[in-house]
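Numbering (my numbering), first residue to last: 7 to 358. Inspection log for the structure reproduced underneath, given as structure tokens.
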Ligand SMILES: NC(=O)c1ccc[n+]([C@@H]2O[C@H](COP(=O)([O-])OP(=O)(O)OC[C@H]3O[C@@H](n4cnc5c(N)ncnc54)[C@H](OP(=O)(O)O)[C@@H]3O)[C@@H](O)[C@H]2O)c1
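As structure tokens, this is what we get:
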């Protein structure tokens, strides 16, 4: 089914190109319907030639489209939002609210909605294998995105892999597993190749074998719907070579290292979002920032004298299990104390 809207693209880097190319190549999106914006003239010239679409450094043109794919780096969002805010969003021809699809890591829906008023927002978390159309994308929907629009967005990301709808709090662990995961697995592949080189194989052959082993294992797990433990048992014979290697991995703590790596990535992602969610609130000369945990808890963190967001674990004063939506923007010290006292239950919002 063809894409029926003009599509604005703000930021036409690797991720936006990976998403756009299949649409253009299949003819489902006409090249004349794309209005892309980048930061530099050199990029604009190069990309316009490469893709055959309109690319300028004037983002206002992209923002006039009823559907905008936002794909700049997260730190560029404020500059980009200033341009968007200066103009009224175009209304979609089919009467839908204009749509913003953001692939920015660490920028939550509530911030997107605040920065881009008048647009329904979708937060998409694609991963790097999307570049070879073997990706995974998690989608969380902001308010006002109807089912027809959702289907359109799902189809966009389905071109580069599998698509899942997720509640927003699950996007942090999702990102940790799917976006950082390729780096963790690459490290495993490289290390196994190092082992084979140490055992006497030439480096190129060892790398090739490591990649093929990883791809073949994934295909087997998926193709036969095996639990990883079943596959492990299939290739582990009593007192055999694999058992010897596994024993070594268990002694070295491989499982725990990977569990902690995924959790560390999720926590880091959460911290990225912290500054975005509340920033620093000046309260009677003190600074506070708050973070929402993957399991819906808020960690209240003391700030620094300079007012910079504080993410130092030593300065965490307490954590409470409270959804962020119940945390008032201008939290008062008394309310903060109450928040800190909350352990298991939620106080009614009116008490704050
Ligand atoms: N790449 C991935 O695998 C991946 C995976 C998941 C999520 N993401 C997310 O995707 C986003 C983009 O990543 P990327 O790797 O595609 O980045 P990238 O290759 O560095 O591309 C960034 C693009 O933004 C443009 N840009 C910068 N400032 C701008 C401005 N003020 N107005 C308009 N355009 C501007 C740049 O233009 P110039 O070329 O002129 O500088 C460039 O085209 C990030 O937020 C990232 O979190 C990426």
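Even glycine gets a Cβ: it sits at the ideal position worked out from N, Cα and C.
- The three-state secondary structure of residue 105, taken from DSSP, is strand.
- According to DSSP, residue pairing for residue 146 in a beta bridge involves 129.
- DSSP places residue 36 in no alpha helix (DSSP H); its state is neither H nor E.
- Here residue 257 is exposed, its C-beta having fewer than 16 other C-beta atoms within 10 Å.
- Given a length threshold of 3 residues, each whole run of the beta strand (DSSP E) inside the segment 13-62 is given here in chain order: 13-16, 40-43, 60-62.
- In this structure, the straight-line span from the alpha carbon of residue 88 to that of residue 144 is close to 27 Å.
- In this structure, ligand 1 has no non-hydrogen atom nearer than 6 Å to the beta-carbon of residue 191.
- Between residue 216 and residue 59, the alpha-carbon positions lie close to 39 Å from each other.
- Burial check for residue 178: the Cβ neighbour count within 10 Å reaches 16 or more, so the residue is buried.
- Contact between residue 131 and residue 107 is absent: CB atoms are separated by about 12 Å, not below the 8 Å threshold.
- Proximity to residue 69 across 41, 81, 53 peaks at 41, based on C-alpha coordinates.
- When DSSP states are grouped into helix, strand and coil, residue 251 belongs to the helix group.
- Shortest gap from the CB of residue 79 to any heavy atom of ligand 1: under 6 Å.
- In this structure, residue 126 and residue 150 form a Cβ contact; the two beta carbons are roughly 4 Å apart against a cut-off of 8 Å.
- CA-to-CA, the gap between residue 199 and residue 71 works out to about 48 Å.
- When 197, 202, 75 are compared, the shortest CA-CA separation from residue 105 is found for 75.
- In the DSSP annotation of this structure, the continuous segment of the beta strand (DSSP E) that includes residue 171 starts and ends at 167-171.
- Remark: the shortest separation between the CB of residue 123 and any heavy atom of ligand 1 does not fall under 6 Å.
- Here residue 141 is bridged, per DSSP, to 167.
- According to the DSSP secondary-structure assignment, residue 75 is paired through a beta bridge with 15, 107.
- Going by C-alpha positions, residue 210 is about 33 Å away from residue 180.
- Our two residues, residue 80 and residue 112, have alpha carbons roughly 7 Å apart in a direct line.
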